[in-house]
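S.K.: With the UniProt record's numbering, letter number 139 in the sequence shown gets 139, and the count goes up by one each step, no holes.
Ideal Cβ placement from N, Cα and C applies to all residues, glycine included.
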Amino acid sequence: MSNETGKVYTGDSKVLRFFEELSAIPRASSSEKAVSDFVASFARERGCEVLQDDRWNLIIRKPAAAGYESAPIVIFQGHLDMVCEKNKTTVHDFAKDPIRFKIDGDMIYADGTTLGADNGIAVATAMAIIDAPDMAHPELEILLTTEEETSMGGAFHLDASPLKGRMMINFDSDREGILFVSSAGGINTFHSVPVAWEEAGTAAGAPYTISVQGLMGGHSGDDIIHERGNANKLLGRVLDDLRRHADFALAGVSGGMKVNAIPREAEAAVYLSETGKAAAEARIAELNRILKDEFQASDKGAEVVLQVGFDESGAAGAAASSGKAFTEDVKLSVIRLLTLIPNGVLSMDKAIGNLVRTSSNLGVVSVNDTHIVMQSLSRSSMRSQVDEVVRAMRTVAEAVGCEFREDHYFPGWPYRADSKLRPVVQEAFEQRFGKPIEIKAIHAGLECGVLIEKMPDLDAVSFGPNMYEIHTPDEHLSISSVERTWPFLVDVLGALKG
Numbered sequence: 001m002s003n004e005t006g007k008v009y010t011g012d013s014k015v016l017r018f019f020e021e022l023s024a025i026p027r028a029s030s031s032e033k034a035v036s037d038f039v040a041s042f043a044r045e046r047g048c049e050v051l052q053d054d055r056w057n058l059i060i061r062k063p064a065a066a067g068y069e070s071a072p073i074v075i076f077q078g079h080l081d082m083v084c085e086k087n088k089t090t091v092h093d094f095a096k097d098p099i100r101f102k103i104d105g106d107m108i109y110a111d112g113t114t115l116g117a118d119n120g121i122a123v124a125t126a127m128a129i130i131d132a133p134d135m136a137h138p139e140l141e142i143l144l145t146t147e148e149e150t151s152m153g154g155a156f157h158l159d160a161s162p163l164k165g166r167m168m169i170n171f172d173s174d175r176e177g178i179l180f181v182s183s184a185g186g187i188n189t190f191h192s193v194p195v196a197w198e199e200a201g202t203a204a205g206a207p208y209t210i211s212v213q214g215l216m217g218g219h220s221g222d223d224i225i226h227e228r229g230n231a232n233k234l235l236g237r238v239l240d241d242l243r244r245h246a247d248f249a250l251a252g253v254s255g256g257m258k259v260n261a262i263p264r265e266a267e268a269a270v271y272l273s274e275t276g277k278a279a280a281e282a283r284i285a286e287l288n289r290i291l292k293d294e295f296q297a298s299d300k301g302a303e304v305v306l307q308v309g310f311d312e313s314g315a316a317g318a319a320a321s322s323g324k325a326f327t328e329d330v331k332l333s334v335i336r337l338l339t340l341i342p343n344g345v346l347s348m349d350k351a352i353g354n355l356v357r358t359s360s361n362l363g364v365v366s367v368n369d370t371h372i373v374m375q376s377l378s379r380s381s382m383r384s385q386v387d388e389v390v391r392a393m394r395t396v397a398e399a400v401g402c403e404f405r406e407d408h409y410f411p412g413w414p415y416r417a418d419s420k421l422r423p424v425v426q427e428a429f430e431q432r433f434g435k436p437i438e439i440k441a442i443h444a445g446l447e448c449g450v451l452i453e454k455m456p457d458l459d460a461v462s463f464g465p466n467m468y469e470i471h472t473p474d475e476h477l478s479i480s481s482v483e484r485t486w487p488f489l490v491d492v493l494g495a496l497k498g
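(1) If I measure Cβ to Cβ from E483 and keep anything under 6 angstroms in the same chain, skipping five residues before and after, which residues do I get?
(2) If you count every other CB in all the chains shown that lies within 10 Å of the CB of N288, and 16 or more means buried, which is it?
(3) Mapping the DSSP letters down to three states, classify I479 as helix, strand or coil.
(4) With a cut-off of 8 angstroms, do at least 3 Cβ pairs link the region 232 to 243 to the region 332 to 348?
(5) Rounded to whole angstroms, what is the Cα-Cα separation between Q296 and G229?
(6) Per DSSP, which residues does D104 bridge with? Please list them.
(7) I'd like the list of long-range same chain contacts for L493, defined as Cβ closer than 6 angstroms, with 5 residues on each side in sequence excluded.
(8) To which residues of the same chain is P411 closer than 7 angstroms at the C-beta, ignoring the five residues directly before and after it?
(9) Please report the straight-line C-alpha distance between Q431 and E406, rounded to a whole angstrom.
(10) What does DSSP give as the partner residue(s) for N78 in the beta ladder?
(11) Taking all protein chains shown into account, do 16 or more other C-beta atoms lie within 10 angstroms of the C-beta of N368, making it buried, or fewer, making it exposed?
(12) Alpha carbon to alpha carbon, how far is A160 from G445? Give it in angstroms, no decimals.
(13) Is it buried or exposed, I290, if we count other Cβ atoms within 10 angstroms and call 16 or more buried?
(14) In whole angstroms, give me the CA-to-CA distance for S480 and T10.
(15) Taking the alpha carbon of K420 as the point to measure from, which residue in V389, A280 and A495 has its own alpha carbon closest?
(16) Pick from A66, F18, S30 and R27: whose alpha carbon is nearest that of A43?
(17) Look at the Cβ atom of N343, then the Cβ atom of S366, and state whether they are nearer than 8 angstroms.
(18) For the pair the region 49 to 66 and the region 467 to 475, tell me if three or more CB-CB distances fall below 8 angstroms.
(19) Which word fits G498, buried or exposed, when buried means at least 16 other C-beta atoms lie within 10 angstroms of its C-beta?
(20) In the DSSP assignment, what are the bridge partners of L51?
(21) Curious, which full-length beta strand (DSSP E) runs of at least 3 residues does the region 156 to 197 contain?
(22) List the DSSP bridge partners of L306.
(23) Is it right to say H245 is buried, meaning 16 or more other beta carbons lie within 10 angstroms of its own, or is it exposed?
(24) Here's a check: name, in chain order, each residue in its chain whose Cβ is nearer than 6 angstroms to the Cβ of H226, leaving out the five neighbours to either side.
(25) Would you mind working out which of I103, F76 and A110 sits nearest H92, comparing C-alpha positions?
(26) Along the chain, where does the beta strand (DSSP E) that runs through N343 open and close?
In structure tokens form, the structure reads like this:
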């Protein structure tokens, strides 16, 4: 049963019931008005003060419970938007269709799309807080931002002056039992090759599609440490190898959907002669043998496929002009960029075990009317290393002879040694679960960094329930973890009495 025809979740968790209601409302980044209005109305109906700005950010004030009137104000923070990814065969319009739930044991999945637990679970938890009349807590400022998944634009444009709290619980983490106290900063970069076409001609051969598929993908920060295959980089590897063994014309290229997701699929539209086809089949067969060895631990399904004709349902096939191909110079520029753009884990943090310090993800390759554009997201806990990656990116662009720009640096979240909030959370966790919570930094962007730039004295922590494979159609959420995390959060708020 889907949530178009009735409720799927039938358990007792108010958080999960609200999460299913929320999932009926489309909430792609930059299209959050409907969900913002929904949550604002929900809060006003329960007597809360609501501030909503022109970017659809929300600040919701819930008065302190009896006995907590003199306690410091606490901010509870999450974001309204979600990453919109789907399988190639899934029919789903994120602009209007609800997310369809599937429950498998302890896990909630979506039906061939991202689930949106990142960060819908924070919004649903905020709704549960608002809806709990007898909860013990200080005065709360519930901050729900927009555009987090694409640019953190909501947080960047937020007027923070109405916020009086200086302790903040960010609920945008995906591992129960871990308390995050620092995060990486990052920047988007773009390599652009001006499009130039020429007639393919009969000598170019027949149309084919080369596809890279079967990869796991994942979050470009949190999952980069697993060194999963990047479909865009693998496509560059295929094309660079093929050009050394056969002549072919390149008519289109595409890969990935979101820059903050490791791309799972990429494809190229090519023209191959009979001789070129034979060479392509031989080289692809050899590469598939190699990939089986290279990715046996991280991407067992990794595969390169050659199929007859242009796949018009794919972006590369749709971009390929009838009977035309990129000029040889453009083709070589595309292949060289796909090959040379830095990608993956670039350095590890030696001070913190098993933490990536610096990485980059070639997330999206697309063709528009004028350019072939390759977008990357580079992250680091050190600004100097972000700058170094950008310098390398710019040098690649100079070497290839293409356009380059950088856009939208988001700051990291520095560790705060004198935190008053962290020990409260640690004690509450140990009292409830009988073991210490793990303290970690995360190689992903959290809005804490942006908000701390606006409020330098902000004391923040981040935690949340278990969710897996976020930013992919395999995203799933643990029901039992949500059911454990909610009373733990109640404990933390109850302990913040001053």
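M.R.: Result, derived from the coordinates:
(1) S13
(2) exposed
(3) helix
(4) yes
(5) 11 angstroms
(6) M107
(7) H137
(8) G185, G449, V450 and E453
(9) 47 angstroms
(10) Residue 78 is actually Gly in this sequence, not Asn. For G78, which the question treats as bridged, DSSP gives the partners L144.
(11) exposed
(12) 19 angstroms
(13) exposed
(14) 13 angstroms
(15) A495
(16) F18
(17) no
(18) no
(19) exposed
(20) I59
(21) 167 to 170, 178 to 183 and 185 to 194
(22) I210
(23) exposed
(24) S298
(25) A110
(26) Where N343 is concerned, there is no enclosing beta strand (DSSP E), given that its DSSP letter is neither H nor E.
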